[in-house]
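Engineer: For the protein sequence lines, the chains are A and B, in the order given.
Under the numbering used here, the residues of the first sequence are numbered 4 to 115, in order.
Under the numbering used here, the residues of the second sequence are numbered 4 to 115, in order.
Starting off with a structure, shown below.
There are 2 protein chains.
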Amino acid sequence: MDHPTALNPRDYAVFSDEKMGKVTLFRSDHLLVGLNCFEPGQGHALHAHADMDKVYQVVEGTGLFLLEGEETTLDAGMVLVAPAGVPHGIRNTSDSRLIVMTVLAPGPTPKR
Amino acid sequence: MDHPTALNPRDYAVFSDEKMGKVTLFRSDHLLVGLNCFEPGQGHALHAHADMDKVYQVVEGTGLFLLEGEETTLDAGMVLVAPAGVPHGIRNTSDSRLIVMTVLAPGPTPKR
């Protein structure tokens with residue numbers, strides 16, 4: 004978005020049959036606010052960011068979240084923080100769509 | 004919290020009759036995740052952070068959010084970004100409690 008504005012994250016969700024849908028809602032040098040959108044069965048493989056902390060917040064649905072080798076099921080409204088360097092991932096093991104808001108800080112460098 | 008863990012933000016809400024309740028859920032050099040908790044009639048006066056972006060997400064209730072001279076009513080689930088330097092504030096004009104999750108990046112320097 005060009006201009007800061009109030010938004011309902013679920014209005015911006017994008018799904019794909021092939022893989023997790025990824026959306027950027029806001030980005031600056033300090034942070035990136037985005038969405039990860041999962042059809043049933045889709046996931047985001049375990050990965051880590053060396054220098055970025057990530058905040059997950061479940062907007063809609065239920066997902067299996069992996070953090071530091073532990074699996075936790077999170078429902079809508081719940082929050083999980085993956086500090087820099089800690090491997091994390093998500094799998095939508097439910098029968099419904101899963102929308103997760105992510106805040107990354109500092110924001111990742113744009114790909115060129 | 005000492006250890007990153009899954010949480011339901013509303014479980015951590017703290018209210019005060021005197022002023023907005025303020026809670027830190029997670030903090031690092033990169034960001035601070037917290038809660039602002041408002042009884043009916045309470046607010047957070049218009050202010051700006053020179054070097055920090057702030058993401059608001061309404062956890063529970065309804066509030067009047069001020070940003071760049073505009074007033075917007077936000078319900079549970081909605082998100083507002085206040086970029087660095089942009090004045091922002093909140094007022095709980097409803098009859099119910101209001102809980103707002105905030106993500107500040109980079110995190111503020113701890114007060115000494």
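Quick reminder that beta carbons are idealized off the backbone N, C-alpha and C, glycines included.
From a predicted model like this one, the values you see are computed outputs, not experimental measurements.
Helix, strand or coil: how does DSSP classify Asp-32 of chain A here?
Structural biologist: coil
Engineer: Which value, in whole angstroms, describes the spacing of the CA atoms of Gly-37 of chain B and Leu-34 of chain A?
Structural biologist: 16 Å
Engineer: Taking DSSP's pairing of strands, which residues face Phe-68 of chain A in a bridge?
Structural biologist: A:Thr-75, A:Ile-93
Engineer: Considering just the uninterrupted stretch of the beta strand (DSSP E) at Asp-54 of chain B, what are its terminal residues?
Structural biologist: No beta strand (DSSP E) holds Asp-54 of chain B; DSSP gives it neither H nor E.
Engineer: Would you kindly work out how many angstroms separate the C-alpha atoms of His-50 of chain B and Pro-43 of chain A, rounded to a whole number?
Structural biologist: Here the alpha carbon of His-50 of chain B sits roughly 42 Å from the alpha carbon of Pro-43 of chain A.
Engineer: Taking just the CA atoms, how far does Leu-67 of chain B sit from Thr-98 of chain B?
Structural biologist: Note that residue 98 of chain B is Asp in the sequence shown here, rather than Thr. If you take the alpha carbons of Asp-98 of chain B and Leu-67 of chain B, they lie about 12 Å apart.
Engineer: Under a Cβ-count criterion, where at least 16 other Cβ atoms within 10 Å of its own Cβ denotes burial, should Thr-112 of chain A be classed as buried or exposed?
Structural biologist: By the 10 Å Cβ count, Thr-112 of chain A comes out exposed.
Engineer: Compare the beta carbon distance of His-47 of chain A and Leu-70 of chain A with 7 Å and say whether it is the shorter of the two.
Structural biologist: no
Engineer: Between the alpha carbons of Val-103 of chain B and Ala-87 of chain A, how many angstroms are there, rounded?
Structural biologist: 24 Å
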